[in-house]
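J.: Quick mapping for you: the protein sequence lines, in order, are chains A and B. Number 166 in full-length UniProt numbering belongs to position 166 of the first sequence; there are no gaps in the numbering. Number 231 in full-length UniProt numbering belongs to position 231 of the second sequence; there are no gaps in the numbering.
Protein chains: 2
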Amino acid sequence: MRWIRFHDDGAVRTAILEGSTVRPVRGDMFSDYEIEDRCLDLADVRLDVPVFPRTFYAAGFNYQAHAASAGLASPDRPAPKEANIGYRATNALIAHEEPIIVPPDATDKVNYEGEIVVVIGRKAKNLDRDNALSAVFGYTIGNDVSERTWQKTDSTFWRAKNTDTFKPMGPWIETDVVLDDLETVVRLNGEEQIRFATNDMIFGIVDYLVRMTRYLTLYPGDVVWMGTEGTSPNLLDGDVVEIEISGIGTLRNPVVRQAG
Amino acid sequence: MRWIRFHDDGAVRTAILEGSTVRPVRGDMFSDYEIEDRCLDLADVRLDVPVFPRTFYAAGFNYQAHAASAGLASPDRPAPKEANIGYRATNALIAHEEPIIVPPDATDKVNYEGEIVVVIGRKAKNLDRDNALSAVFGYTIGNDVSERTWQKTDSTFWRAKNTDTFKPMGPWIETDVVLDDLETVVRLNGEEQIRFATNDMIFGIVDYLVRMTRYLTLYPGDVVWMGTEGTSPNLLDGDVVEIEISGIGTLRNPVVRQAG
Numbered sequence: 001m002r003w004i005r006f007h008d009d010g011a012v013r014t015a016i017l018e019g020s021t022v023r024p025v026r027g028d029m030f031s032d033y034e035i036e037d038r039c040l041d042l043a044d045v046r047l048d049v050p051v052f053p054r055t056f057y058a059a060g061f062n063y064q065a066h067a068a069s070a071g072l073a074s075p076d077r078p079a080p081k082e083a084n085i086g087y088r089a090t091n092a093l094i095a096h097e098e099p100i101i102v103p104p105d106a107t108d109k110v111n112y113e114g115e116i117v118v119v120i121g122r123k124a125k126n127l128d129r130d131n132a133l134s135a136v137f138g139y140t141i142g143n144d145v146s147e148r149t150w151q152k153t154d155s156t157f158w159r160a161k162n163t164d165t166f167k168p169m170g171p172w173i174e175t176d177v178v179l180d181d182l183e184t185v186v187r188l189n190g191e192e193q194i195r196f197a198t199n200d201m202i203f204g205i206v207d208y209l210v211r212m213t214r215y216l217t218l219y220p221g222d223v224v225w226m227g228t229e230g231t232s233p234n235l236l237d238g239d240v241v242e243i244e245i246s247g248i249g250t251l252r253n254p255v256v257r258q259a260g
Numbered sequence: 001m002r003w004i005r006f007h008d009d010g011a012v013r014t015a016i017l018e019g020s021t022v023r024p025v026r027g028d029m030f031s032d033y034e035i036e037d038r039c040l041d042l043a044d045v046r047l048d049v050p051v052f053p054r055t056f057y058a059a060g061f062n063y064q065a066h067a068a069s070a071g072l073a074s075p076d077r078p079a080p081k082e083a084n085i086g087y088r089a090t091n092a093l094i095a096h097e098e099p100i101i102v103p104p105d106a107t108d109k110v111n112y113e114g115e116i117v118v119v120i121g122r123k124a125k126n127l128d129r130d131n132a133l134s135a136v137f138g139y140t141i142g143n144d145v146s147e148r149t150w151q152k153t154d155s156t157f158w159r160a161k162n163t164d165t166f167k168p169m170g171p172w173i174e175t176d177v178v179l180d181d182l183e184t185v186v187r188l189n190g191e192e193q194i195r196f197a198t199n200d201m202i203f204g205i206v207d208y209l210v211r212m213t214r215y216l217t218l219y220p221g222d223v224v225w226m227g228t229e230g231t232s233p234n235l236l237d238g239d240v241v242e243i244e245i246s247g248i249g250t251l252r253n254p255v256v257r258q259a260g
């Protein structure tokens, strides 16, 4: 089943997506809802992010080649030994097709990171390996846009990864997914840049959820971005980034570089 | 004016606090509200956190003695040169009087950090030094409880600072504050530990808000914790931490160490 959120007469509404048919619901995708009578066409609606998270979690280096490349791992900063989660900020979220706006003082080193996003469906603490995935509602796609100079020089990732518009997420949530079957493909201006097995992570989704919930409570709508593989060329004004995950969909966003 | 949120027949409600009189309102403290007819006594209500933030910002080292002490600043990790903000997570928030619960595998090095908390009142981007404080709704108090071993060894602060219950905030929001008049006093089991001028920060509230909103949009209800001064003894089971900021109030929380 696919869930979207869309702009409807000044409000943001939730709907089930069946093929290209949008069926708005009343209520909450995580608990009780009623399907309305009306139907819309996907081509006629403007999507919002498919969920607005209460807490926005993100794994760091979680694929071998990404951790080893681009100077991200080094003797001072080795690849992780444990599934330690990090955070991103909701101000930076934008929907499918909305522009990534790069501030005028950013350096050229602005990169994409194509990621699978876990959407939490229920309140959960102390999950174990057997029941961890029962806390998952579904999956969507994220682009963890990063300004690498700020990422290295600032004491936190606040502006490197959380500048407004740096977190495209969508287009929708897919609830029926076989993780081991998924493949992530990133395209820049239509040209394939990388293709990798989405679930081939250093620490898997179960590893993260078990470790996180030993210390913290997850809530419906929380999202966990699972990290990316490989490296990205520097994004230029007018570029279009597409992140496709087979069985989920394609997240597409143009890049706009603000004049100085 | 003081604002509280309190538990009322299974829901969380907003109210104005006048002396010890609680006057519930209908609506939103940041926009339109109506005062209800009924009055309650503060002693009869159970407080919740005074705001549930959309994004939970926190400054790091922002007072001279704290940055220099406790091994937090070092040649590898100098005091900040710019007002770079960080993040905390909402799962960890608890209200005035609720217990800080320390997990069984935490080390002895669990510390308090008494902080003033800025509550944002309106959507804001690109604030300047003249209008930055116009985005502030009021101020409350936070205790940035920290497990120092995890803080040093984990790649992020996820569990050192964001374990459930590690972020007491309250008891209320005070909207009428003269920042330069404020003094922070931290007491442990009734005994004064430190007293400092609340506004004597390395980077002030205006510095942070101006720099943050160059890159990100603030929203009503966002909170910015401004850092702490000095060091803390290790917190023991049964301890009670009180953080008083003159003109705002006192945030008090007991410490419970979970058995292993």
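Don't be surprised by glycine CBs; every beta carbon is placed ideally from N, CA and C. A quick note: this is a predicted structure, and the numbers were derived from the prediction, not measured.
In angstroms, rounded to a whole number, what distance separates the CA positions of residue 158/B and residue 227/B?
T.: By one-based count along the second sequence, residue 158/B stands at place 158. By one-based count along the second sequence, residue 227/B stands at place 227. Cα to Cα, residue 158/B sits roughly 17 Å from residue 227/B.
J.: Apply the 10 Å Cβ neighbour rule to residue 164/B and answer buried if 16 or more other Cβ atoms are within range, or exposed otherwise.
T.: Position 164 of the second sequence, counting from 1, holds the residue named residue 164/B. Buried.
J.: Three-state secondary structure (DSSP) at residue 8/A?
T.: Indexing the first sequence from 1 puts residue 8/A at position 8. Three-state result, residue 8/A: strand.
J.: Leaving out five residues before and five after residue 51/A in sequence, what residues of the same chain have Cβ atoms less than 6 Å from its Cβ?
T.: Here residue 51/A is taken as the residue at index 51 of the first sequence, counted from 1. Around residue 51/A: 119, 221.
J.: Please classify residue 20/A as buried or exposed, where buried requires at least 16 other C-beta atoms within 10 Å of its C-beta.
T.: As a first step, residue 20/A must be located in the first sequence, where it is residue number 20. With fewer than 16 other Cβ atoms within 10 Å, it is exposed.
J.: Are the C-beta of residue 13/A and some C-beta of chain B separated by less than 7 Å?
T.: Along the first sequence, read from residue 1 onward, the residue named residue 13/A stands at position 13. No, its Cβ sits nowhere closer than 7 Å to a Cβ of chain B.
J.: Quick check: the Cα distance between residue 124/B and residue 196/B, rounded to an integer number of angstroms?
T.: Taking the second sequence and counting its residues from 1, the one referred to as residue 124/B is at position 124. Taking the second sequence and counting its residues from 1, the one referred to as residue 196/B is at position 196. One C-alpha to the other measures close to 30 Å.
J.: For residue 103/B, return the contacting residues in chain E, with the cut-off set at a CB-CB distance below 9 Å.
T.: The structure shown has no chain E; the protein chains it does contain are A and B.
J.: Please identify the residue among 254/A, 229/A, 148/A, 151/A whose C-alpha is closest to the C-alpha of residue 61/A.
T.: Here the question's residue 61/A lines up with position 61 in the first sequence. The shortest Cα separation from residue 61/A among 254/A, 229/A, 148/A, 151/A belongs to 229/A.
J.: Pick out the complete alpha helix (DSSP H) segments inside the segment 48 to 115 of chain A, 4 residues or longer, and give them in chain order.
T.: Runs found: 64 to 68.
J.: Can you check which of these residues, 139/A, 15/A, 149/A, is closest to residue 245/A by C-alpha distance?
T.: On the first sequence, residue 245/A is found 245 positions in, with the first residue counted as 1. Nearest option by C-alpha distance: 139/A.
J.: Between residue 154/B and the rest of its own chain, which residues show a CB-CB distance below 8 Å, the 5 nearest in sequence each way excluded?
T.: If you number the second sequence from 1, residue 154/B lands on position 154. 160, listed in sequence order.
J.: By the criterion of Cβ-Cβ separation under 8 Å, what are the contact partners of residue 111/B in chain A?
T.: Counting from one through the second sequence, the residue named residue 111/B turns up at place 111. None at all; the shortest Cβ gap to chain A is about 17 Å.
J.: List, in chain order, every chain A residue whose beta-carbon is nearer than 9 Å to that of residue 121/B.
T.: Residue mapping note: residue 121/B aligns to position 121 of the second sequence, counting from 1. Those within 9 Å of residue 121/B in chain A number zero; the least Cβ separation is about 16 Å.
J.: Comparing C-alpha positions only, which one of 207/A, 13/A, 37/A, 5/A sits nearest to residue 130/A?
T.: Position 130 of the first sequence holds residue 130/A. If we check each option's Cα against that of residue 130/A, 207/A comes out closest.
J.: Going by other Cβ atoms of all chains shown within 10 Å of its Cβ, with 16 needed for buried, is residue 236/A buried or exposed?
T.: Counting from one through the first sequence, the residue named residue 236/A turns up at place 236. Under this definition residue 236/A is an exposed residue.
J.: Does residue 133/A pass the burial test, meaning 16 or more other C-beta atoms within 10 Å, or should it be called exposed?
T.: For the purposes of this step, residue 133/A is identified with residue 133 of the first sequence, where counting begins at 1. Residue 133/A is exposed by the Cβ-count criterion.
J.: State buried or exposed for residue 167/A, treating a residue as buried only when at least 16 other CB atoms are found within 10 Å of its CB.
T.: For this step, residue 167/A is matched to residue 167 along the first sequence. It is buried - the Cβ of residue 167/A has at least 16 other Cβ atoms within 10 Å.
J.: Which residues bound the beta strand (DSSP E) around residue 35/B?
T.: The residue labelled residue 35/B in the question sits at position 35 within the second sequence. Where residue 35/B is concerned, the enclosing beta strand (DSSP E) stretches over 33 to 35.
J.: Less than 7 Å between the C-beta atoms of residue 47/B and residue 171/B, yes or no?
T.: Looking up residue 47/B in the second sequence gives position 47. Looking up residue 171/B in the second sequence gives position 171. In contact: residue 47/B and residue 171/B (Cβ atoms closer than 7 Å).
J.: Taking only beta-carbon positions, decide if residue 208/A is within less than 7 Å of chain B.
T.: Numbered from its first residue, the first sequence carries residue 208/A at position 208. Not one chain B Cβ lies under 7 Å of residue 208/A.
J.: Assign residue 100/B to one of two classes, buried (16 or more other C-beta atoms within 10 Å of its C-beta) or exposed (fewer than that).
T.: Here residue 100/B is taken as the residue at index 100 of the second sequence, counted from 1. The residue in question, residue 100/B, is buried, as its Cβ has 16 or more Cβ neighbours within 10 Å.
J.: Can you give me the C-alpha to C-alpha distance between residue 257/B and residue 104/B, rounded to a whole angstrom?
T.: Residue mapping note: residue 257/B aligns to position 257 of the second sequence, counting from 1. Residue mapping note: residue 104/B aligns to position 104 of the second sequence, counting from 1. Cα to Cα, residue 257/B sits roughly 7 Å from residue 104/B.
J.: In the DSSP output, which residue or residues are listed as bridge partners for residue 188/A?
T.: On the first sequence, position 188 is the one that residue 188/A refers to. The partner list for residue 188/A (beta bridge, DSSP) reads 191/A, 241/A.
J.: Check the C-beta distance from residue 117/A over to residue 223/A and give it rounded, since I have them as a contact under 8 Å.
T.: Translated into the one-based positions of the first sequence, residue 117/A becomes position 117. Translated into the one-based positions of the first sequence, residue 223/A becomes position 223. Residue 117/A to residue 223/A, Cβ: 5 Å. Contact.
J.: Which residues, taken in chain order from the segment 134 to 163 of chain B, show a beta carbon closer than 7 Å to some beta carbon of chain A?
T.: Those residues of the segment 134 to 163 of chain B that come within reach of chain A (Cβ to Cβ, closer than 7 Å) are 154, 155, 156, 158, 159, 162, 163.
J.: From 234/B, 213/B, 182/B, pick the residue whose C-alpha is nearest to that of residue 148/B; which is it?
T.: Against the second sequence, residue 148/B aligns to sequence position 148. For residue 148/B, the nearest C-alpha among the options comes from 234/B.
J.: Check each candidate in 146/B, 135/B, 122/B, 136/B and name the one with the smallest Cα separation from residue 111/B.
T.: In the second sequence, counting from the first residue as 1, residue 111/B sits at position 111. Comparing Cα positions, the closest option is 146/B.
J.: Going by DSSP, what residue range makes up the alpha helix (DSSP H) through residue 161/A?
T.: Translated into positions along the first sequence, residue 161/A becomes position 161. It spans 158 to 162 - the alpha helix (DSSP H) in which residue 161/A sits, taken as one unbroken run.
J.: Near residue 95/A, which residues of its chain fall below 7 Å by C-beta distance, leaving aside the five closest residues on each side in sequence?
T.: Numbered from 1 along the first sequence, position 95 holds the residue referred to as residue 95/A. So the list reads 47, 48, 49, 170, once near-sequence residues are dropped.
J.: Using the three-state DSSP reduction, which class does residue 212/A fall into: helix, strand or coil?
T.: Translated into positions along the first sequence, residue 212/A becomes position 212. Three-state DSSP puts residue 212/A in a helix.
J.: Less than 8 Å between the CB atoms is what I'm expecting for residue 16/B and residue 143/B, so what's the real figure, rounded?
T.: By one-based count along the second sequence, residue 16/B stands at place 16. By one-based count along the second sequence, residue 143/B stands at place 143. Going by Cβ atoms, the distance from residue 16/B to residue 143/B rounds to 24 Å, so no, they are not a contact pair.
J.: If we ignore side chains and look at the alpha-carbon of each, how far apart do residue 259/A and residue 238/A end up?
T.: Taking the first residue of the first sequence as position 1, residue 259/A is located at position 259. Taking the first residue of the first sequence as position 1, residue 238/A is located at position 238. Rounded to whole angstroms, residue 259/A to residue 238/A spans 13 Å at the Cα level.
J.: With a cut-off of 7 Å, does the C-beta of residue 27/B fall near any C-beta of chain A?
T.: Numbered from 1 along the second sequence, position 27 holds the residue referred to as residue 27/B. Not an interface residue.
J.: What residues from the segment 37 to 63 of chain B come within 7 Å of chain A, judged by C-beta to C-beta, listed N to C?
T.: Listed by position, the residues of the segment 37 to 63 of chain B near chain A (Cβ gap below 7 Å) are 54, 55, 60.
J.: Identify which residue in 56/A, 63/A, 109/A, 115/A has its Cα closest to the Cα of residue 87/A.
T.: Looking up residue 87/A in the first sequence gives position 87. Per the Cα distances, 56/A.
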